[in-house]
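In the working numbering, the protein residues as written are 15 to 284.
Spelled out as structure tokens, the structure:
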């Protein structure tokens, strides 16, 4: 049950920076107090009265640490709501309207536009959190003896590519980058970040694109570079049987037998 049902009005919670001294050693004084409506899942809706302190000497501002853990700076929806929306959109593939109804059942009123906006903020926060955890990820991989680097892009053709770097041992995504094309310069930039954060991998696995090979030779000289079996067999099959495959697809489309094939495949699975 949310606070909307517990109280006739939103409760007022007060927040302030816990210390009275600045890092420079001088005293802090109250600069102003702001009030704003906040919604969170675990607390509900409330009005936050946040007192902002300022150093007399260096004029630095200090905000409540406790409030900063609940909600983004000048935001009105808590981090827990942002995580809820992010997981619903990108992991559970729910529509904004479904998410809106689910949050309404938990006494959280939010527009479809704000759901879209917060889902994008979720991606930004996730990226920041991932970068901040690089030392822990590196320590984890060192306990396993190192890491195997798997490189691949997620798009084909003229669409923008999301080029990803994955630790093939534990399936941890180490980094990714949006690229207009998978050229050696863009890939080298990503590999240099990996090298700085995690040092050299034990080995590298990728498809047979020359741009990846050139980037790997430049950033990770001497590291063994292997061809992915899946991409190798796929490309080999395309080279050997592309004509036959195109012919079969054309006949299936012409005679409209795809529904029958799907029905037969389902019966075989059952």
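Even for Gly, the Cβ is constructed at its ideal location relative to N, Cα and C.
Inter-residue CB distance, residue i and residue j (contact presumed, cutoff 8 Å)
{"i": "residue 29", "j": "residue 81", "result": "4 Å"}
{"i": "residue 175", "j": "residue 196", "result": "6 Å"}
{"i": "residue 129", "j": "residue 142", "result": "Not quite, the Cβ-Cβ distance comes to about 21 Å (not below 8 Å), so this is no contact."}
{"i": "residue 38", "j": "residue 88", "result": "No, residue 38 and residue 88 are not in contact; Cβ-Cβ is about 25 Å, not under 8 Å."}
{"i": "residue 79", "j": "residue 49", "result": "Wrong, their Cβ atoms sit about 19 Å apart, outside the cutoff."}
Between the CA atoms of residue j and residue i - distance to the nearest angstrom
{"i": "residue 18", "j": "residue 278", "result": "Residue placement at residue 18 is flagged as unreliable, the pLDDT there being 46, under the threshold of 50; a coordinate-derived value is accordingly withheld."}
{"i": "residue 209", "j": "residue 189", "result": "11 Å"}
{"i": "residue 76", "j": "residue 85", "result": "16 Å"}
{"i": "residue 191", "j": "residue 177", "result": "5 Å"}
{"i": "residue 140", "j": "residue 267", "result": "43 Å"}
{"i": "residue 240", "j": "residue 167", "result": "16 Å"}
{"i": "residue 22", "j": "residue 59", "result": "12 Å"}
{"i": "residue 126", "j": "residue 55", "result": "18 Å"}
{"i": "residue 216", "j": "residue 74", "result": "47 Å"}
{"i": "residue 15", "j": "residue 119", "result": "Since pLDDT at residue 15 reaches only 40, below the 50 mark, its modelled position is unreliable, and no value is offered."}
{"i": "residue 13", "j": "residue 263", "result": "Here the chain covers residues 15 to 284 and nothing more, so residue 13 does not appear."}
{"i": "residue 285", "j": "residue 157", "result": "An answer regarding residue 285 cannot be provided, because it is not within the stretch 15 to 284 covered by the chain."}
{"i": "residue 186", "j": "residue 159", "result": "15 Å"}
{"i": "residue 223", "j": "residue 36", "result": "55 Å"}
{"i": "residue 83", "j": "residue 138", "result": "16 Å"}
{"i": "residue 46", "j": "residue 25", "result": "20 Å"}
{"i": "residue 110", "j": "residue 103", "result": "8 Å"}
{"i": "residue 136", "j": "residue 144", "result": "12 Å"}
{"i": "residue 226", "j": "residue 260", "result": "29 Å"}
First and last residue of the uninterrupted alpha helix (DSSP H) at residue i
{"i": "residue 128", "result": "126-146"}
{"i": "residue 201", "result": "198-212"}
Contact under 9 Å by Cβ, residue i with residue j
{"i": "residue 66", "j": "residue 51", "result": "no"}
{"i": "residue 237", "j": "residue 221", "result": "no"}
{"i": "residue 68", "j": "residue 105", "result": "no"}
{"i": "residue 90", "j": "residue 53", "result": "yes"}
{"i": "residue 117", "j": "residue 96", "result": "no"}
{"i": "residue 205", "j": "residue 179", "result": "yes"}
{"i": "residue 212", "j": "residue 148", "result": "yes"}
{"i": "residue 155", "j": "residue 184", "result": "yes"}
Residue i Cβ short of 8 Å to the ligand NAP heavy atom set
{"i": "residue 37", "result": "As presented, the structure is devoid of all ligands, the ligand NAP included, so that no description of it is given."}
Range covered by the beta strand (DSSP E) that runs through residue i
{"i": "residue 46", "result": "42-54"}
{"i": "residue 175", "result": "175-181"}
{"i": "residue 164", "result": "162-167"}
{"i": "residue 100", "result": "Counting along the chain, residue 100 falls outside any beta strand (DSSP E), though it belongs to the alpha helix (DSSP H) covering 93-104."}
{"i": "residue 282", "result": "Segment 272-283 is the alpha helix (DSSP H) holding residue 282; no beta strand (DSSP E) there."}
{"i": "residue 69", "result": "58-69"}
{"i": "residue 30", "result": "26-30"}
CB contact below 9 Å: residue i versus chain B
{"i": "residue 202", "result": "The chain labelled as chain B is not found in the depicted structure, where only one protein chain is given."}
Practice problem: Pair every Cβ in the stretch 225-232 with every Cβ in the stretch 198-213, then say whether three or more of these pairs are closer than 8 Å. | Solution: yes
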